[in-house]
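Residue numbers (this note's numbering), protein chains in the order written: chain C, 23 to 135; chain D, 101 to 213. For each residue, glycine too, the CB sits at the ideal point set by N, CA and C. In this text the structure is predicted, and so the values were computed from the model without any measurement.
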Amino acid sequence: AQSVTQLDSQVPVFEEAPVELRCNYSSSVSVYLFWYVQYPNQGLQLLLKYLSGSTLVKGINGFEAEFNKSQTSFHLRKPSVHISDTAEYFCAVSDSGYSTLTFGKGTMLLVSP
Amino acid sequence: EAGVTQFPSHSVIEKGQTVTLRCDPISGHDNLYWYRRVMGKEIKFLLHFVKESKQDESGMPNNRFLAERTGGTYSTLKVQPAELEDSGVYFCASSRRGLGGYTFGSGTRLTVV
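Below is the structure:
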């Protein structure tokens, strides 16, 4: 069985500061890893995905994540956040690109001026 | 291309009533998924259609939930009779076969009172 742990339920940060949202997973098979973002009153939007290849994955809106197999982590980072990045971020794992996703509980990123 | 469309966006019903949620996937997407997020919990998988066939319905909570996908196009999720614990946000997603992750709809917020 797969599971995802997002260690922080909320991350407050000031505008233009760097941020890291943590995600750890457990899986007995090969994994595909995803970060989704949900802006207020909107659906889930794919930020980035790791399927294979380079462990550093770049996504939309300046976000990136690094797959670390030995630490079973897939932390999301952004060097400088904007107010508009305020949203809830979800880490998810799958054993293929289109099968069931197992989500973490989400991390609310709160960016203040 | 048009995105995944869900309606209604909000629904408030009384315990014991019936509600039907609808999802229109992206045209040409054979895979259609339903997920649910109960307040404060993770987003959880409900079921997966490939065209009109149920590929995996292991996440359906009980037999009060009935999902259909007519002709491999739109899908409906009926809850009958609704209970208080069915409240939450119901997400639909679709994808083509192959790798890449899903495209999610904006969700239907269901409140059972």
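Check                                                                                                                : Outcome
Ala87(C) burial status per 10 Å Cβ neighbour count (16 or more: buried)                                              : buried
Supposed close pair Gly205(D), Ala193(D) - CB separation, criterion 8 Å                                              : 7 Å
Inter-residue CB distance, Leu98(C) and Phe56(C) (contact presumed, cutoff 8 Å)                                      : Their Cβ separation, rounded to whole angstroms, is 10 Å, which puts Leu98(C) and Phe56(C) out of contact at 8 Å.
Interface flag, Lys91(C) vs chain D, CB-CB below 7 Å                                                                 : no
Pairwise C-alpha distance: Leu29(C) and Thr129(C)                                                                    : 8 Å
Beta-carbon proximity of Val138(D) to Gly188(D), cut-off 7 Å                                                         : yes
Alpha-carbon spacing of Asn163(D) relative to Glu157(D), whole angstroms                                             : 11 Å
Buried versus exposed, by CB contacts within 10 Å (16 or more), Ile143(D)                                            : buried
Gly159(D) beta carbon less than 7 Å from that of Leu147(D)                                                           : yes
Closer than 7 Å at the beta carbon, the chain C residues around Ser206(D)                                            : Gln64 and Gly65
Interface partners of Phe107(D) on chain C, CB under 9 Å                                                             : Here the premise fails: no neighbours, minimum Cβ distance about 13 Å.
Paired residues, beta bridge with Met139(D) - DSSP                                                                   : DSSP, once it has assigned bridges, lists no residue as partnering Met139(D).
Cβ contact (3+ pairs, closer than 8 Å) linking the region 174 to 182 of chain D and the region 114 to 134 of chain D : yes
Pairwise C-alpha distance: Gln24(C) and Gly292(D)                                                                    : This structure cannot settle anything about residue 292(D), because the visible part of chain D is limited to 101 through 213.
Euclidean distance between Cα positions of Leu132(D) and Leu132(C)                                                   : 32 Å
Proximity winner among Phe112(C), Pro34(C), Ala39(C) and Ile82(C), relative to Phe96(C) (alpha-carbon distances)     : Phe112(C)
Contacting residues, own chain, Cβ-Cβ under 6 Å from Asp117(C) (five flanking each side not counted)                 : Val51
Distance, Thr211(D) Cα to Asp186(D) Cα                                                                               : 8 Å
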